[in-house]
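Down below is the structure, laid out as structure tokens.
Number of protein chains: 4
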Amino acid sequence: MEKNLNIGIVGTGAIGRTHIERINRKLQGAKVTACADANLDFCRSVAEKYGLKVYENGEDMIADDKINAVIVTTLDAFHEEYVLAAIKAGKFVFCEKPLAPEAQACRRIAEAEIAARRQLVQVGFMRRYDPGYRQLKALIESGEYGSPLMLHCAHRNPDAPGFTTDMPVENSMIHEIDVLRWLIGENYISAEVVFPKTTKYAQGALKDPQIMYLTTESGIRIDVESFVNCRYGYDIKCEVVCEEGSLNLPEPANAMVRSKASRMTPICRDWSERFIEAYNVEFQEWINSCRAGVVNGPSAWDGYLGQVAAKAASKARDTQTRIAIKTEPTPDFYKK
Amino acid sequence: MEKNLNIGIVGTGAIGRTHIERINRKLQGAKVTACADANLDFCRSVAEKYGLKVYENGEDMIADDKINAVIVTTLDAFHEEYVLAAIKAGKFVFCEKPLAPEAQACRRIAEAEIAARRQLVQVGFMRRYDPGYRQLKALIESGEYGSPLMLHCAHRNPDAPGFTTDMPVENSMIHEIDVLRWLIGENYISAEVVFPKTTKYAQGALKDPQIMYLTTESGIRIDVESFVNCRYGYDIKCEVVCEEGSLNLPEPANAMVRSKASRMTPICRDWSERFIEAYNVEFQEWINSCRAGVVNGPSAWDGYLGQVAAKAASKARDTQTRIAIKTEPTPDFYKK
Amino acid sequence: MEKNLNIGIVGTGAIGRTHIERINRKLQGAKVTACADANLDFCRSVAEKYGLKVYENGEDMIADDKINAVIVTTLDAFHEEYVLAAIKAGKFVFCEKPLAPEAQACRRIAEAEIAARRQLVQVGFMRRYDPGYRQLKALIESGEYGSPLMLHCAHRNPDAPGFTTDMPVENSMIHEIDVLRWLIGENYISAEVVFPKTTKYAQGALKDPQIMYLTTESGIRIDVESFVNCRYGYDIKCEVVCEEGSLNLPEPANAMVRSKASRMTPICRDWSERFIEAYNVEFQEWINSCRAGVVNGPSAWDGYLGQVAAKAASKARDTQTRIAIKTEPTPDFYKK
Amino acid sequence: MEKNLNIGIVGTGAIGRTHIERINRKLQGAKVTACADANLDFCRSVAEKYGLKVYENGEDMIADDKINAVIVTTLDAFHEEYVLAAIKAGKFVFCEKPLAPEAQACRRIAEAEIAARRQLVQVGFMRRYDPGYRQLKALIESGEYGSPLMLHCAHRNPDAPGFTTDMPVENSMIHEIDVLRWLIGENYISAEVVFPKTTKYAQGALKDPQIMYLTTESGIRIDVESFVNCRYGYDIKCEVVCEEGSLNLPEPANAMVRSKASRMTPICRDWSERFIEAYNVEFQEWINSCRAGVVNGPSAWDGYLGQVAAKAASKARDTQTRIAIKTEPTPDFYKK
């Protein structure tokens, strides 16, 4: 069997470090062996902790023949340059969402991939790997319940220090934007964002909660509630209402306690608890597909379409109107 | 203790007959002793079955001194005349929803009540008496969970023979229009109605499902999904998302069976199963309040505001725009 | 329609008063119009509160022609004399459980009924009227799940001031003894009682919890956990494990709240909350059956068999051995 | 970081092969590189499929310096010889349950370990690694709910071809025997086994279901229902009733569907689905602990005590009496 994939990671912040630990201590077939970060001193301390080789800059690491694959977990604004560098170097690259903040930057990445004639880019939309969402997709695809007509979703955090009104769509609901499109297999054609009454726990000028409406090519209507200061926990809801039944995302399996005149089941307190399994599956499948020479997960085109929809939703939020989402036809390169 | 309230019922169709049975066989303090119906022969057969006295027309019955209180269960278009007749005769009157199809007709009824200086009219919005909705109201009013910010509701029927696109708002979601306003204690200021993808089971030109959005004075945003051909059962959902928690309408208490690799709990097959308890409580409390000389339930003003909102939602549906709902200040007469 | 049944109640303690209120304020077809109680002064105060006629002793009230039916809610030791008096007077009599503390006293009552050639006695085993238990019975009788093989039950109170070790079987689990036999349609052939570790909250010498095992004619094995100081609430559990599925008694329908990192649904705090509906149905059906001249509910024979089983279980508890339960064949008089 | 642990597996049947796949394709820090099996031809085919080296007999493989650790998945009767061989060779050994069928064989293994002065043996009781059981243990150990008093458990299979009456205790309930002792931290002092009515689906002379009762040092009473032909699915239940609350093992997280007048959540169809996560965690932690030079999981002493209890329960079943379980004090060697 082949040797481990040697992975270099650029961006050693919190998310990057969880991926290093995940890959090096839990998964098979790969090791993160090198790192780079804008903050060299910090990068050195991380390298020392995990036994990695430090590169003074990401491009050098990406270009090094010893590195087989790349993980990009820098600040969003720098995703594009490192992903392009990986494409140029012919290396598989996993880029945390968003592929790039601007839709055009995502498009440039897709164009670079197409020009290079090799699909190399996967975007970190981990919910596609969550066992619960996978069950929903299987139920939809079974055809047993007819067509989806409406989706009712919610994405709630207990609190969100530092969040501003522009952040829920692109930082939080971007996950729904990708996974719901994947669930129903259709593109969006419009977005709206409305502001319900704001919670007293919203800091400063933050409008929270927010509700985003998306409609699809065949008329499916999706509502996604984002509530980042819900106080009570980290909670993800998804109901797919079909012609013959309603399909519901399961809650995590926690022990139920009868105590104090209640039956109580814990809810996650923090986002990091909820999708551990999804991240593990996501990275193991990415490693496996790199070793098989393919990309099976969310592509650069998915990343591009995600940003197109997110930008439309942001514009809808800022103008308080419905914004049309024009989706280019999927290039043959990305058709499965 | 006083004698039973003698009730005359005008309109002996299906709904009317369930109320006759309910009052005469189950509840205390009243008996339906007389009936009238546009179809005299049919009315006679009903009278014979239940041992009632037949009146050739509703006005005569309402005016008869032997009748203490009136129930109006005629076709909607005739509610106004009988309710006005009851007010004129100084009799308590329970009118099934809608108080009258047109908002102006409702307003005329309220004006007649105010002119008569006696509150006599109660409208049949039974969900206010459902134990589950009453629990929600108590939870909201406890203040323990902060202000409501959003409500997510659904009203699903397995099928709806004969339903046309204009019916969901005024026939079905009228119940949500009343009970949600009662739950949160605020008036609506706007309505919208959107059409998701239509189910293949919708007959003819019916657009089904439909989603109605309502906003309130303080900015609470409400969504109500109406799906009259959902196929799977009769299902009512209501989630009140507050600043510190989410409150959820309970499902009916049914035995759970583990069988065939599933754990399954039955859902109501028909609307008539779901609100039996609510109707019983509604009528017993109405009877009790008539005997105490007061009206405690949904008033003619509530009926009027319900129709104002329903008409705005219908206009929103027909024009596919948001329609403002202007709510007049509650007359002192109706303030509790 | 016939006049109301005139009911006399002997025993005006707490249980008796709830039945007076239930019948006089909620149900149809009857009124409690008279009362008697060993404590005459107390009886007078109750009579004044509810507008009843006082009788200086129960026998006089029972014999009075104006009284059509009798409710016996005295101390257990006095049930026999009043039930026999009702039989002698040819009056329908509802006797709260136990029919009588001693099995032989129950048998005497059955013999008196048989000798009088009129079935007049109903025993207050209200769980047969609980909607949840009725659903279980319908599921079992559908045959869809095969034969019951095992039942796993629990009867938990938050606390039980004054309870002694002999009380759980005859005061608490007597309800399971009756309803489970009714559910599965078979008699018991043995009883055992074991003592798990005792809770620190058990007062004095009380052994709590206790578990009772019953086996039936066809070998069905039943376990009933009694835990009278469970602390957390009033909780009733019943699982019927059949050849092809497991049937589960539903929990009361309460609003679920997501708050403080939990989803929580309230559990009853007190026994009186849990079976309100059952008591209402029980008494309305008893009133209806009296007016129809029959007894449809738990008979004196059911009361006798219940005490036979309870005494066997008590003996099993005291001797810490398995005790056989010999059930006489049901007299034709009691066969339905 | 150290090289991978080289594991040799003796016994290449179904269970053994799932462990080879698990370790070689999913986990970290080890590879199964060699195998042996009584059936040499079959062993060769397995070796070829997984790229392993074949040994003509297990002892040679265990003795080979290249092998660092051993997994024993032979027929139960041969566990002892291979575990003793591993102890003799100073190699860590994971032995699937039972450590050995006979309690004395288990004791010999423990004595050999003690004599070798190195703890090397771990027994495959994977439920200790199931996230749900781990939650229960944490809840018990929090002390927040007081002492456990009773445990109510069930272990149900949809069917069990070839099962005979002696198999449920030692093949099926052996898992409860170990995990419940671990959960509550006490030894058993008695066992009983009773036979409820047998299901019509039990083949031949098989008595199914069976219920095992265990009592512990402090009086905790445990019931375990074994139902191997339950028809409806693979279902594991565990309720720990404590002084201040009841703790309930969670069900797997599956999507809930509203369809056909039910809300339905799937139950596992097969045992292999239910404990996948537990096996993964079990083996990863075993590999990690081998590499750290310790045994952290169920020890040979746990294996011995498990068999002592299982044999007592088997004797209780055969004699239909309660059998005392005498537990020797834990040798210092095994104290943590």
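Heads up: the sequence lines are chains A, B, C and D, in that order. Under this note's numbering, read the first sequence as residues -9 to 326, first letter to last. Under this note's numbering, read the second sequence as residues -9 to 326, first letter to last. Under this note's numbering, read the third sequence as residues -9 to 326, first letter to last. Under this note's numbering, read the fourth sequence as residues -9 to 326, first letter to last. Here a beta-carbon is modelled for each residue, glycine too, at the ideal position from N, C-alpha and C.
(request) Quick one: give me the first and last residue of the alpha helix (DSSP H) that D/Tyr294 is part of. (result) As a working mapping, residue 294 of chain D is identified with position 304 in the fourth sequence. Following the DSSP letters along the chain, one finds D/Tyr294 inside the alpha helix (DSSP H) bounded by residues 290 to 309.
(request) Just the chain B side, please: which residues come within less than 7 Å of D/Asp225 by C-beta, in chain order? (result) Within the fourth sequence, residue 225 of chain D is the residue found at index 235, counting from 1. By Cβ distance, chain B contributes Arg248.
(request) Report buried or exposed for B/Asp31, applying the criterion of at least 16 other Cβ atoms within 10 angstroms of its Cβ. (result) Against the second sequence, residue 31 of chain B aligns to sequence position 41. With fewer than 16 other Cβ atoms within 10 Å, it is exposed.
(request) Under 7 Å Cβ to Cβ from B/Ile164, same chain only, skipping five residues before and after it: list those, please. (result) One-based indexing of the second sequence puts residue 164 of chain B at position 174. The beta carbon of B/Ile164 is closer than 7 Å to those of Lys87, Pro88, Gly296, Ala300 in its chain, skipping five residues each way along the sequence.
(message) Closer than 7 Å to a non-hydrogen atom of the ligand MG - does that hold for the CB of A/Ser236?
(response) This structure lacks the ligand MG; in fact it carries no ligand of any kind.
(request) Could you spell out the range, first to last residue, of the beta strand (DSSP E) harbouring B/Asp213? (result) Taking the first residue of the second sequence as position 1, residue 213 of chain B is located at position 223. Annotation: the continuous beta strand (DSSP E) that includes B/Asp213 extends over 211 to 217.
(request) For C/Cys143, write down the residues that DSSP places opposite it in a beta bridge. (result) Here residue 143 of chain C corresponds to residue number 153 of the third sequence, with the count starting at 1. Looking at the DSSP output, C/Cys143 shares a beta bridge with C/Val214, C/Cys228.
(message) Classify A/Val22: buried if its beta carbon has 16 or more other beta carbons within 10 angstroms, exposed otherwise.
(response) Within the first sequence, residue 22 of chain A is the residue found at index 32, counting from 1. Using a 10 angstroms sphere on the CB of A/Val22, the tally of other CB atoms reaches 16 or more, which defines it as buried.
(request) Return the CA-CA distance between D/Gln94 and D/Leu74, expressed in angstroms with no decimal places. (result) Residue numbering aside, residue 94 of chain D sits at position 104 when the fourth sequence is read from its first letter. Residue numbering aside, residue 74 of chain D sits at position 84 when the fourth sequence is read from its first letter. One alpha carbon belongs to D/Gln94, the other to D/Leu74, and they sit about 13 Å apart.
(request) Keeping to the same chain, check which residues put their C-beta closer than 7 Å to that of D/Ala306; ignore five residues upstream and five downstream. (result) Within the fourth sequence, residue 306 of chain D is the residue found at index 316, counting from 1. Closer than 7 Å at Cβ, skipping near neighbours: Ala181, Glu182, Val183, Arg312, Ile313.
(message) Applying the 10 Å Cβ sphere with the 16-neighbour rule, what's the burial state of D/Pro148?
(response) Position 158 of the fourth sequence holds residue 148 of chain D. So D/Pro148 counts as buried.
(message) So with CB distances below 8 Å, who are the chain B contacts of D/Ala251?
(response) Residue 251 of chain D sits at position 261 when you count from the first residue of the fourth sequence. For a Cβ distance threshold of 8 Å, residue set Pro148, Tyr222, Gly223, Pro256, Ile257, Cys258, Arg259 of chain B lies close to D/Ala251, ordered along the chain.
(message) Using a Cβ-Cβ distance cut-off of 8 Å, determine whether C/Val284 contacts chain D.
(response) On the third sequence, residue 284 of chain C is found 294 positions in, with the first residue counted as 1. No, no contact with chain D.
(message) Just verifying my parser: in three-state terms, what is the DSSP assignment at A/Asn270?
(response) Within the first sequence, residue 270 of chain A is the residue found at index 280, counting from 1. If DSSP states are grouped into helix, strand and coil, A/Asn270 belongs with the helices.
(message) Cβ closer than 8 Å: which chain A residues qualify as neighbours of D/Ser236?
(response) For this step, residue 236 of chain D is matched to residue 246 along the fourth sequence. Under the 8 Å cutoff, chain A gives Val247, Arg248, Ser249.
(request) Find the nearest neighbour of B/Val247 within the set B/Pro256, B/Val0, B/Ala20, B/Ser279, judged by alpha-carbon distance. (result) Taking the second sequence and counting its residues from 1, the one referred to as residue 247 of chain B is at position 257. Of the listed residues, the one whose Cα sits closest to B/Val247 is B/Pro256.
(message) For a contact defined as C-beta to C-beta under 8 Å, what are the partners of C/Ala243 on chain B?
(response) Numbered from its first residue, the third sequence carries residue 243 of chain C at position 253. Result: Pro121, Gly122, Pro240, Glu241, Pro242, Ala243.
(request) Pull up the distance between the alpha-carbon of A/Thr317 and that of A/Asn177, whole angstroms please. (result) Taking the first residue of the first sequence as position 1, residue 317 of chain A is located at position 327. Taking the first residue of the first sequence as position 1, residue 177 of chain A is located at position 187. Spanning the two alpha carbons is a distance of roughly 7 Å.
(request) Indicate whether at least one CB of chain B lies closer than 8 Å to the CB of C/Tyr72. (result) Counted from its first residue, the third sequence places residue 72 of chain C at position 82. No, C/Tyr72 lies away from the interface with chain B (no Cβ there is under 8 Å from its Cβ).
(message) Using only the alpha-carbon positions, how far apart do B/Ile130 and A/Val285 sit?
(response) The count along the second sequence starts at 1 and reaches residue 130 of chain B at position 140. The count along the first sequence starts at 1 and reaches residue 285 of chain A at position 295. A direct Cα-to-Cα measurement between B/Ile130 and A/Val285 gives close to 50 Å.
(request) Just grab the DSSP bridge partners of A/Ile313 for me. (result) Mapped onto the first sequence, residue 313 of chain A falls at position 323. Paired residues: A/Ala181.
(request) Could you spell out the range, first to last residue, of the alpha helix (DSSP H) harbouring A/Ser262? (result) For the purposes of this step, residue 262 of chain A is identified with residue 272 of the first sequence, where counting begins at 1. Membership of A/Ser262 in the alpha helix (DSSP H) is indicated by the continuous run 261 to 264.
(message) Does the CB of B/Arg264 have a neighbour CB from chain C at under 8 Å?
(response) Looking up residue 264 of chain B in the second sequence gives position 274. Not one chain C Cβ lies under 8 Å of B/Arg264.
(message) My output table needs one value for A/Lys326: the three-state DSSP class, helix, strand or coil.
(response) For this step, residue 326 of chain A is matched to residue 336 along the first sequence. Coil at A/Lys326, not helix or strand.
(message) Rounding to the nearest angstrom, what Cα-Cα distance links D/Leu17 and B/Met254 in this structure?
(response) For the purposes of this step, residue 17 of chain D is taken as residue 27 along the fourth sequence, with counting starting at 1. For the purposes of this step, residue 254 of chain B is taken as residue 264 along the second sequence, with counting starting at 1. D/Leu17 and B/Met254 have their C-alpha atoms spaced approximately 36 Å apart.
(request) Look at C/Glu328 and C/Gly136 and say whether their C-beta atoms are less than 8 Å apart. (result) Here chain C has residues from -9 to 326 only, and residue 328 of chain C is not among them.
(message) Below 8 Å on the Cβ atoms is my contact criterion, and I expect C/Ile13 with C/Ala4 to pass it. Report the Cβ-Cβ distance as a whole number of Å.
(response) Taking the first residue of the third sequence as 1, we reach residue 13 of chain C at position 23. Taking the first residue of the third sequence as 1, we reach residue 4 of chain C at position 14. In fact, because the Cβ distance is near 15 Å, the residues do not count as touching under 8 Å.
(message) Taking 8 Å as the threshold (beta carbon to beta carbon), is A/Ile117 in contact with chain D?
(response) Along the first sequence, one-based indexing puts residue 117 of chain A at 127. First, the amino acid is wrong: residue 117 of chain A is Arg here, not Ile. Chain D contact via Cβ: absent.
(request) With DSSP as the reference, label D/Met254 as helix, strand or coil. (result) Along the fourth sequence, read from residue 1 onward, the residue named residue 254 of chain D stands at position 264. D/Met254: strand per DSSP, three-state reduction.
(request) Look at the alpha carbon of B/Trp276 and the alpha carbon of B/Val83, and state the distance between them as a whole number of angstroms. (result) Position 286 of the second sequence, counting from 1, holds the residue named residue 276 of chain B. Position 93 of the second sequence, counting from 1, holds the residue named residue 83 of chain B. Each residue's CA atom was taken as its position, placing B/Trp276 and B/Val83 some 10 Å apart.
(request) Give me the Cα-Cα distance between B/Gly122 and C/Ser304, rounded to the nearest whole angstrom. (result) Locating residue 122 of chain B in the second sequence gives position 132, counting from the first residue. Locating residue 304 of chain C in the third sequence gives position 314, counting from the first residue. So the alpha carbons of these two residues sit roughly 41 Å apart.
(message) Give me the residue from B/Pro319, B/Arg259, B/Gly209, B/Cys25 with the minimum Cα distance to B/Ala53.
(response) Here residue 53 of chain B refers to the residue found at position 63 of the second sequence. Ranking the options by Cα distance to B/Ala53, first place goes to B/Cys25.
(request) Taking D/Met246 as part of the beta strand (DSSP E), name the residues at either end of that continuous run. (result) Taking the first residue of the fourth sequence as position 1, residue 246 of chain D is located at position 256. Per DSSP, D/Met246 belongs to the beta strand (DSSP E) from 246 to 249.
(message) Once the 5 residues before and after B/Val159 are set aside, which same chain residues still bring their CB inside 7 Å of it?
(response) Within the second sequence, numbered from 1, the residue matching residue 159 of chain B stands at position 169. Scanning its chain for C-beta atoms nearer than 7 Å, with the 5 sequence neighbours on each side dropped, one finds around B/Val159 the residues Val183, Met202, Ala300, Ala303, Ser304, Arg307, in chain order.
(message) For D/Asn(-4) and A/Ala100, what's the separation of their Cα atoms in angstroms?
(response) Taking the fourth sequence and counting its residues from 1, one reaches residue -4 of chain D at position 6. Taking the first sequence and counting its residues from 1, one reaches residue 100 of chain A at position 110. Cα-Cα distance, rounded: 43 Å.
(message) Just to confirm my understanding: we take D/Gly223, look at its own chain, exclude 5 residues before and 5 after, and list those with CB closer than 7 Å. What are they?
(response) By 1-based counting over the fourth sequence, the position of residue 223 of chain D is 233. So the qualifying residues of the chain are Pro148, Ile257, Cys258, Arg259.
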